[in-house]
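So the structure is just underneath, and the comments pick up after that.
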Amino acid sequence: MTTTLRTPQSSPPLPVELPEANEPAAPAGPLGSPWPASARPGPNGDLLIGGVGLAEAADRFGTPLYVLDEQEFRSRARAFRRALPTAEVHYAAKAFLCSAVADWVADEGLGLDVCSAGELRLAAAAGFPPERLLLHGNAKTPEELRLARRLRVGRIVVDGAAEIPRLAALAAADAPQRVLVRVLPGVAAGHHRAVRTGVDGQKFGFRITGGDAADAIARILGQPGLELTGLHCHLGSQITGAEPYLAAVDRLVELLAEVRDRHGVELPELDLGGGHGVRYLAGDAELDPARFAAETTARLAARCAEHGLAVPRLLVEPGRAIAAPAGVAVYRVLSVKRGTDGRAFAAVDGGMSDNPRPALYGSAYEVRPVGRPATGPTATFDVVGRHCEAGDVLVHGATLPADLRPGDLLAVPAAGAYQLSMASGYNLVGRPPVAAAREGRLRLLIRRETVEDLRAREVGR
Ligand SMILES: Cc1ncc(COP(=O)(O)O)c(C=O)c1O
Ligand SMILES: N[C@@H](CCCC[NH3+])C(=O)O
1 MTTTLRTPQS SPPLPVELPE ANEPAAPAGP LGSPWPASAR PGPNGDLLIG GVGLAEAADR
61 FGTPLYVLDE QEFRSRARAF RRALPTAEVH YAAKAFLCSA VADWVADEGL GLDVCSAGEL
121 RLAAAAGFPP ERLLLHGNAK TPEELRLARR LRVGRIVVDG AAEIPRLAAL AAADAPQRVL
181 VRVLPGVAAG HHRAVRTGVD GQKFGFRITG GDAADAIARI LGQPGLELTG LHCHLGSQIT
241 GAEPYLAAVD RLVELLAEVR DRHGVELPEL DLGGGHGVRY LAGDAELDPA RFAAETTARL
301 AARCAEHGLA VPRLLVEPGR AIAAPAGVAV YRVLSVKRGT DGRAFAAVDG GMSDNPRPAL
361 YGSAYEVRPV GRPATGPTAT FDVVGRHCEA GDVLVHGATL PADLRPGDLL AVPAAGAYQL
421 SMASGYNLVG RPPVAAAREG RLRLLIRRET VEDLRAREVG R
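Take 1 as the starting number for the sequence shown in UniProt numbering and just add one per residue.
Shown next, in the form of structure tokens:
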């Protein structure tokens with residue numbers, strides 16, 4: 001007997017006109033992507049973001065400083081919802097989370113994907129609706145599972161066998177916990193091997209090959225306190241084409257059919273994770289949400305029809321694609337030097353402690369001067385950080401004014417994801433403040449971390 005638990009999206013989607021492959025998620029502004037759509041030149045060489053001058057912002061809050069363009073964040077969140085009207089879009093908190101961001105995500109009608117007690121508690125304290133929370137993690141502690149239950153999070157993604165009895169013991173048959181099971185579709189995608197998570201041989205999820213996923217599914221289905229709503233995968237991050245998602249859909253629909261054949265159950269949800277790529281450099285490709293949506297929903301409908309399955313509801317978890325383009329980092333040049341081989345270095349007051357991505361993944365960024373005329377001769381600089389490592393280079397080979405000098409400001413776009421959320425305490429410089437710009441107003445969301453903050457954790461000597 002076949003049980004259809006729920007079929008939220010039972011008819012195949014209408015044909016959708018595909019946008020051009022490189023079409024941006026949000027309309028580009030005068031500076032083009034990777035700058036926020038609101039970015040435009042201001043008086044005296046200033047750069048306006050959300051109507052706020054970055055030079056003025058730097059005067060007010062000091063540097064390094066992160067400015068978030070609230071409208072850019074919101075319009076990118078909205079673009080995902082518009083592209084996938086019958087899906088659930090969860091913003092991935094790991095990209096960057098604070099209470100204001102939780103508010104924007106809630107206002108725009110998205111869910112929130114969290115993966116620690118910290119992210120969970122911050123979201124709950126900000127008043128984020130718990131039923132729209134989804135908890136991830138390959139190593140959730142028993143306390144995190146208890147907290148998730150106590151806060152009544154909507155869904156938990158089961159990532160390992162030990163979680164099944166732990167969760168089952170916390171859940172009750174009269175108030176079952178909705179869970180998804182994370183599986184490895186065998187698709188490698190993403191900008192660096194450290195972020196490719198869709199294949200066997202890394203720490204996340206259950207292997208489909210060898211039967212681990214099938215065993216986990218059978219065990220979950222045998223627990224009256226757990227309601228298995230579907231399958232989850234996350235392939236990797238900074239994926240710029242839809243093809244890897246289509247390959248994952250193929251594999252996951254096969255698994256849904258196997259579950260139906262073995263257990264007589266049609267699982268009603270399919271979560272394709274995040275990973276949608278953005279532009280860091282003007283010439284980069286980005287994965288447009290509308291194109292992603294059109295291609296994946298068409299493939300899903302076709303594969304489900306082949307297997308005689310009702311089309312499950314899609315879930316997606318974009319993080320970077322919503323947050324990265326909304327952020328601009330502002331640094332002040334502290335020192336300008338010529339190297340032995342004729343290279344020029346511009347050393348700034350931040351570095352790998354606020355943006356570890358270049359050092360970790362070799363990531364490239366644009367940079368432009370702010371608050372001074374950018375006309376005149378240019379030279380090539382490595383924009384380096386202030387930390388005690390030669391590898392602390394934020395931007396390699398940047399074209400900047402040849403007369404760049406200490407005191408000048410530099411702005412780096414696409415800085416809203418995986419920078420502050422991965423910031424460290426290296427050299428005790430303190431993490432930078434975050435301010436939100438909207439309609440010409442700037443408000444501080446997070447103040448600068450001070451040595452007093454760091455010393456407050458010391459309880460002995
Ligand atoms: C399970 C899961 N979902 C969503 C994301 C968000 O990814 P991205 O910021 O690349 O969209 C990640 C991180 O890559 C993840 O591990
Ligand atoms: N930190 C990575 C992305 C990891 C995504 C988390 N699964 C980056 O900056 O590209």
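Think of the CB as a built atom: it goes at the ideal place given N, C-alpha and C, for glycine as much as any other residue.
Proximity of residue i and residue j at Cβ, strictly below 7 Å
i: P369; j: P413; result: no
i: D287; j: T240; result: Inspection of the sequence shows that residue 287 is occupied by Leu rather than by Asp. Closer than 7 Å, so yes.
i: D349; j: R332; result: yes
i: G42; j: G53; result: yes
i: H192; j: Y361; result: yes
i: E72; j: A326; result: yes
i: L65; j: P433; result: yes
i: L272; j: A87; result: no
i: G198; j: C233; result: yes
i: residue 471; j: A83; result: The structure shown does not extend to residue 471, since the chain is modelled only from 1 to 461, so the question has no answer here.
i: V67; j: A77; result: no
i: A398; j: V367; result: yes
i: A435; j: V330; result: no
i: W104; j: R74; result: yes
i: R178; j: V157; result: no
i: G371; j: G45; result: yes
i: A100; j: L420; result: no
i: residue 466; j: L180; result: This structure cannot settle anything about residue 466, because the visible part of the chain is limited to 1 through 461.
i: E266; j: R260; result: yes
i: V195; j: S237; result: yes
i: A148; j: Y280; result: no
i: A123; j: A102; result: yes
i: R303; j: D250; result: yes
i: L309; j: L256; result: yes
Where residue i falls: helix, strand or coil (DSSP)
i: R461; result: coil
i: D69; result: strand
i: S33; result: coil
i: E56; result: helix
i: L110; result: coil
i: R386; result: coil
i: V451; result: helix
i: F128; result: coil
i: R431; result: coil
i: R332; result: strand
i: G371; result: coil
i: E119; result: helix
i: F96; result: coil
i: A248; result: helix
i: R152; result: coil
i: H396; result: strand
i: E269; result: strand
i: R405; result: coil
Pairwise C-alpha distance: residue j and residue i
i: T375; j: L409; result: 15 Å
i: residue 499; j: A171; result: Residue 499 is absent from the model: the chain starts at 1 and stops at 461.
i: L442; j: A39; result: 14 Å
i: L184; j: E258; result: 15 Å
i: R121; j: R207; result: 31 Å
i: M422; j: H276; result: 19 Å
i: E108; j: A305; result: 32 Å
i: A189; j: L235; result: 6 Å
i: A106; j: F345; result: 43 Å
i: L31; j: P176; result: 50 Å
i: C115; j: G137; result: 5 Å
i: P373; j: S335; result: 19 Å
i: C388; j: G440; result: 37 Å
i: D403; j: R447; result: 32 Å
i: F61; j: G430; result: 14 Å
i: E144; j: V459; result: 26 Å
i: R219; j: G274; result: 27 Å
i: L428; j: A456; result: 13 Å
i: T141; j: D159; result: 12 Å
i: residue 465; j: D69; result: Residue 465 is absent from the model: the chain starts at 1 and stops at 461.
i: L47; j: A55; result: 7 Å
i: I217; j: H307; result: 19 Å
i: A213; j: R150; result: 27 Å
**Study point:** Three or more C-beta pairs below 8 Å linking the region 220-236 and the region 165-181
**Key:** Taking a cut-off of 8 Å on C-beta distances, the region 220-236 touches the region 165-181, as three or more cross pairs fall below it.
Practice item. Could you pull out every unbroken alpha helix (DSSP H) segment of at least 4 residues lying fully inside the region 271-311, listed in chain order? Key: With a minimum length of 4 residues, the continuous alpha helix (DSSP H) runs that stay inside the region 271-311 are 289-307.
Check your understanding: Along the chain, which unbroken stretches of the beta strand (DSSP E) at least 3 residues long are found entirely within the region 156-225?
Key -> Along the region 156-225, the beta strand (DSSP E) occurs as fully enclosed runs of 3 or more residues at 177-184, listed in sequence order.
Practice item. Mind the definition here: the region 95-113 touches the region 130-141 only if three or more C-beta pairs lie below 8 Å; say whether that holds. Key: With a cut-off of 8 Å, the region 130-141 and the region 95-113 count as touching, because enough Cβ pairs lie within range.
Check your understanding: Which parts of the region 336-367 are runs of the beta strand (DSSP E), unbroken and 3 residues or longer, counting only runs that do not cross its ends?
Key -> Runs of the beta strand (DSSP E) inside the region 336-367: 344-348.
Review point. Taking contact to mean at least 3 C-beta pairs separated by less than 8 Å, is the region 82-97 in contact with the region 317-324?
Key: Yes, they touch.
**Study point:** contact_flag[the region 334-353, the region 295-302] where n(CB pairs < 8 Å) is 3 or more
**Key:** Contact fails: fewer than three Cβ-Cβ distances are below 8 Å.
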